[in-house]
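K.L.:
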Amino acid sequence: MTTDRQYLKTHSWLRFQFDLQKARPGLWLALGEAHSKCEHIAGVPLRPSTAEELHMLYLAKGVAATTAIEGNTLSEEEVLKRIKGKLELPASQEYLGQEVDNIVRACNSIIDRQVSGEPDALTVERIKEYDRMVLENLSLEEGIVPGEIRTYSVGVAGYRGAPPEDCEYLLERLCAWLNSDQFRSQEESAVVLGLVKAILAHIYLAWIHPFGDGNGRTARLVEFQILVSAGIASPAAHLLSNHYNQTRQEYYRQLARTGQSGGDLLPFIEYAVRGFVDGLRSQLSVVRGQQFDVAWRNFVHELFKDQNRPSDVRRRHLILDLSRQAQPIAISKLTMISPRLAAAYAGKTIKALRRDLGKLSSMGLVEVTRDGVRAKREIISAFLPKCRIPQPK
1 MTTDRQYLKT HSWLRFQFDL QKARPGLWLA LGEAHSKCEH IAGVPLRPST
51 AEELHMLYLA KGVAATTAIE GNTLSEEEVL KRIKGKLELP ASQEYLGQEV
101 DNIVRACNSI IDRQVSGEPD ALTVERIKEY DRMVLENLSL EEGIVPGEIR
151 TYSVGVAGYR GAPPEDCEYL LERLCAWLNS DQFRSQEESA VVLGLVKAIL
201 AHIYLAWIHP FGDGNGRTAR LVEFQILVSA GIASPAAHLL SNHYNQTRQE
251 YYRQLARTGQ SGGDLLPFIE YAVRGFVDGL RSQLSVVRGQ QFDVAWRNFV
301 HELFKDQNRP SDVRRRHLIL DLSRQAQPIA ISKLTMISPR LAAAYAGKTI
351 KALRRDLGKL SSMGLVEVTR DGVRAKREII SAFLPKCRIP QPK
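Heads up: the sequence shown begins at 1 in the UniProt record's numbering, then just goes up one per residue.
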């Protein structure tokens, strides 16, 4: 390393060093939880429709977060519609859609590279490519060239990026550091080191600020690449961007603090990891909900095994369709909750419906109250492993 670099005078905290041994116990516990939950999410088979829904939902969340931090005003719902090709924008707002399209294409290209087995080492050219993708077909200020290192000073919210003459050199140092043995791991520690490595890459790219525009989005794409390379499932790999957006003021405060403190990275890492774990907990609730639903449906089918009379088929469909309802349904409206129930009860009297409900009630599958009829899905909880519930002191 040469000692006459300008950044050594202006950004002396860019040392490309990090010691996780100094982390507080709380961070280690959060990293352990992140490892466990990432393995759980990656290892649970989902119904194709659920897997696709989870992928699309968190892709929309991640893309919306990545662009919203930079000022894009499209909501998560609008981003999801854009991803599905169902959002039409007026000409004056089409640039918002273009920003979303760029991030979606970049994320998909990262996933495709991982699936095809391409080398996942981070390179300066790869970082430049991400900036080009981020800024593609957008109207930019004069002098900004997508994917090219800036030749002038830039500042954001009181922070000034590294000297332009050192940016290329600093990116080379960053890539060499992140590809070094310090971040090579055994399989059992890949998630933990990958998570820390992704956060460090994000911080350093924010510090260096190598491009005229798109630095934040590029940093989050690099972060996404590293997380996916570490074996983290794509829905979970969007969680850091989502966390930064949901806690935007704290994100900027923590990021500013890293430079003001002379390069103390641990507070930002702890902030990021805790948000990542919170996001994993939310995703796991979706996964558990799907597992619960599969168990319930298998239970119902087992109860009706070898019962193929028209009345048995009708009752099975009634309890399965009723179980999709979040609230009790009035008896008078039961036959309208699905097309197949409407067809099954067409021409039948209310007595037939009440007989079917009586049969399902005797099987312990439904409960009839003043509010209506509901499926007793909670009986599946009896199949969960027994454990003692701690009592509050």
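Don't be surprised by glycine CBs; every beta carbon is placed ideally from N, CA and C. In this text the structure is predicted, and so the values were computed from the model without any measurement.
1. Flag this pair as yes or no: are the beta carbons of R217 and V134 separated by less than 8 Å?
2. Out of curiosity, what's the CA-to-CA distance linking F268 and R253?
3. Report, in whole angstroms, the separation of the C-beta atoms of K348 and R315, which I expect to be a contact under 8 Å.
4. Are there three or more Cβ pairs, one per stretch, closer than 8 Å when the region 192-204 is compared with the region 222-242?
5. Cα separation between E52 and S12?
6. Nearest by alpha-carbon distance to I199: which of R324, Q325, Y244, A342 is it?
7. Could you check whether L320 and R297 sit closer than 8 Å to each other, using their CB atoms as the reference points?
8. For E141, which of G212, Q182, T73, L280 has the nearest alpha-carbon?
9. Quick one: Cα of S282 to Cα of R354, how far?
10. By DSSP, does Y152 sit in helix, in strand, or in coil?
11. Give the DSSP-derived three-state secondary structure of G83 in the structure shown.
12. For I69, which of L54, R82, A176, Y251 has the nearest alpha-carbon?
13. Under the three-state reduction of DSSP, which class applies to I380: helix, strand or coil?
14. Less than 8 Å between the CB atoms is what I'm expecting for L59 and H238, so what's the real figure, rounded?
15. According to the Cβ coordinates, are Y204 and L227 closer than 8 Å?
16. I'd like to know whether the C-beta atoms of C167 and I144 end up nearer to each other than 8 Å.
17. Determine the extent of the beta strand (DSSP E) in which T369 is found, giving its start and end residues.
18. According to DSSP, simplified to helix, strand and coil, what is A121?
19. Could you check if N102 is buried or exposed, using at least 16 other CB atoms within 10 Å of its CB as the buried criterion?
20. When you compare each of L14, T10, L138 to L265 by their alpha carbons, which one comes out closest?
21. With distance defined between alpha-carbon atoms, name the residue in D4, Q17, T3 nearest to G263.
22. For V100, tell me which candidate among V368, G85, T3, S261 has the shortest Cα-Cα distance.
23. Would G214 pass as a contact of D131 if the rule is Cβ separation under 8 Å?
24. Would you give the residue range spanned by the beta strand (DSSP E) that V287 belongs to?
25. On a Cα-Cα basis, can you pick out the residue from P210, S139, Q98, A201 that is closest to E165?
26. With distances taken from CA atoms, which of T66, I83, G147 is nearest H55?
27. Between the alpha carbons of L27 and L96, how many angstroms are there, rounded?
28. Can you give the Cα-Cα distance for A106 and D306, rounded to whole angstroms?
29. Taking Q98 as the reference, which of N137, T66, Y159 has the closest Cα?
30. Which two residues bound the contiguous alpha helix (DSSP H) that contains R314?
31. Rounded to whole angstroms, what's the CA-CA distance from I337 to V294? Just pull it up for me.
32. For V192, does the three-state DSSP call read helix, strand or coil?
33. Between T123 and I329, what straight-line distance do the alpha-carbon atoms span, to the nearest angstrom?
34. Alpha helix (DSSP H) containing R105: first to last residue?
35. DSSP three-state call for F183: helix, strand or coil?
36. Taking 7 Å as the limit between beta carbons, can you name the residues of its chain near P163, skipping five residues before and five after?
P.N.:
Short version:
1. Reading the sequence shown from its first residue, position 217 is the one you call residue 217. Reading the sequence shown from its first residue, position 134 is the one you call residue 134. At the C-beta level, R217 and V134 come within 8 Å of one another.
2. Numbered from 1 along the sequence shown, position 268 holds the residue referred to as residue 268. Numbered from 1 along the sequence shown, position 253 holds the residue referred to as residue 253. Cα to Cα, the separation comes out at about 9 Å.
3. Position 348 of the sequence shown, counted from the first residue, corresponds to residue 348. Position 315 of the sequence shown, counted from the first residue, corresponds to residue 315. Between the beta-carbon of K348 and that of R315 there is about 12 Å, and that puts the pair past the 8 Å contact cut.
4. Counting C-beta pairs with one atom in each stretch, the region 192-204 and the region 222-242 have three or more that are closer than 8 Å, which means they touch.
5. Your numbering for residue 52 matches position 52 in the sequence shown. Your numbering for residue 12 matches position 12 in the sequence shown. Straight through space, the alpha carbons of S12 and E52 are spaced by roughly 46 Å.
6. Mapped onto the sequence shown, residue 199 falls at position 199. The shortest Cα separation from I199 among R324, Q325, Y244, A342 belongs to Y244.
7. Numbered from its first residue, the sequence shown carries residue 297 at position 297. Numbered from its first residue, the sequence shown carries residue 320 at position 320. The answer is yes: Cβ separation under 8 Å.
8. Residue 141 sits at position 141 when you count from the first residue of the sequence shown. Comparing Cα-Cα distances from E141 to each of G212, Q182, T73, L280, the minimum goes to G212.
9. Locating residue 282 in the sequence shown gives position 282, where the first residue counts as 1. Locating residue 354 in the sequence shown gives position 354, where the first residue counts as 1. Their Cα atoms are separated by approximately 39 Å.
10. Reading the sequence shown from its first residue, position 152 is the one you call residue 152. Y152: coil per DSSP, three-state reduction.
11. As a position in the sequence shown, residue 83 is number 83, starting the count at 1. Note that residue 83 is Ile in the sequence shown, not Gly. I83: helix per DSSP, three-state reduction.
12. Position 69 of the sequence shown, counting from 1, holds the residue named residue 69. For I69, the nearest C-alpha among the options comes from Y251.
13. In the sequence shown, counting from the first residue as 1, residue 380 sits at position 380. Three-state DSSP puts I380 in a helix.
14. For this step, residue 59 is matched to residue 59 along the sequence shown. For this step, residue 238 is matched to residue 238 along the sequence shown. With a beta-carbon spacing of about 6 Å, L59 and H238 fall inside the 8 Å limit used to define contacts.
15. Numbered from its first residue, the sequence shown carries residue 204 at position 204. Numbered from its first residue, the sequence shown carries residue 227 at position 227. Contact check for Y204 against L227 fails: the beta carbons are separated by 8 Å or more.
16. In the sequence shown, counting from the first residue as 1, residue 167 sits at position 167. In the sequence shown, counting from the first residue as 1, residue 144 sits at position 144. With a cutoff of 8 Å on beta-carbon distance, C167 and I144 are scored as not near each other.
17. Translated into positions along the sequence shown, residue 369 becomes position 369. Unbroken beta strand (DSSP E) run through T369: 366-369.
18. The residue given as residue 121 occupies position 121 in the sequence shown. Looking at A121 - three-state DSSP - the assignment turns out to be coil, as it is neither helix nor strand.
19. Here the question's residue 102 lines up with position 102 in the sequence shown. With 16 or more Cβ atoms within 10 Å of its Cβ, N102 is classed as buried.
20. Mapped onto the sequence shown, residue 265 falls at position 265. Closest by alpha carbon: L14.
21. Counted from its first residue, the sequence shown places residue 263 at position 263. Closest by alpha carbon: Q17.
22. Taking the first residue of the sequence shown as 1, we reach residue 100 at position 100. Checked all of V368, G85, T3, S261; the closest Cα to V100 is G85.
23. Counting from one through the sequence shown, the residue named residue 214 turns up at place 214. Counting from one through the sequence shown, the residue named residue 131 turns up at place 131. Yes, the pair counts as a contact, with Cβ atoms nearer than the cut-off.
24. Here residue 287 refers to the residue found at position 287 when the sequence shown is read from its first residue. Premise fails: V287 lies in the alpha helix (DSSP H), 266-303, not in any beta strand (DSSP E).
25. As a working mapping, residue 165 is identified with position 165 in the sequence shown. Checking every option, the nearest Cα to that of E165 belongs to P210.
26. What you label residue 55 is simply residue 55 of the sequence shown in a count that begins at 1. Among T66, I83, G147, the Cα nearest to that of H55 belongs to I83.
27. Counting from one through the sequence shown, the residue named residue 27 turns up at place 27. Counting from one through the sequence shown, the residue named residue 96 turns up at place 96. Using only the alpha carbons, I get a separation of about 37 Å.
28. Locating residue 106 in the sequence shown gives position 106, counting from the first residue. Locating residue 306 in the sequence shown gives position 306, counting from the first residue. Near 51 Å, if we compare the C-alpha coordinates of D306 and A106.
29. As a first step, residue 98 is located in the sequence shown; it is residue number 98 there, counting from the start. Of the listed residues, the one whose Cα sits closest to Q98 is N137.
30. Taking the first residue of the sequence shown as position 1, residue 314 is located at position 314. First-last of the alpha helix (DSSP H) with R314: 310-322.
31. Numbered from 1 along the sequence shown, position 337 holds the residue referred to as residue 337. Numbered from 1 along the sequence shown, position 294 holds the residue referred to as residue 294. Between I337 and V294, the C-alpha separation is close to 20 Å.
32. Taking the first residue of the sequence shown as position 1, residue 192 is located at position 192. V192 falls in the helix class under three-state DSSP.
33. Residue 123 sits at position 123 when you count from the first residue of the sequence shown. Residue 329 sits at position 329 when you count from the first residue of the sequence shown. Their Cα atoms are separated by approximately 58 Å.
34. Counting from 1 along the sequence shown, the entry for residue 105 is found at position 105. Where R105 is concerned, the enclosing alpha helix (DSSP H) starts and stops at 94-116.
35. Looking up residue 183 in the sequence shown gives position 183. Annotated three-state conformation of F183 is helix, per DSSP.
36. Here the question's residue 163 lines up with position 163 in the sequence shown. Only residues of its own chain outside the window of five on either side were considered, and among them Q6, Y7, T10 have a CB closer than 7 Å to the CB of P163, listed in chain order.
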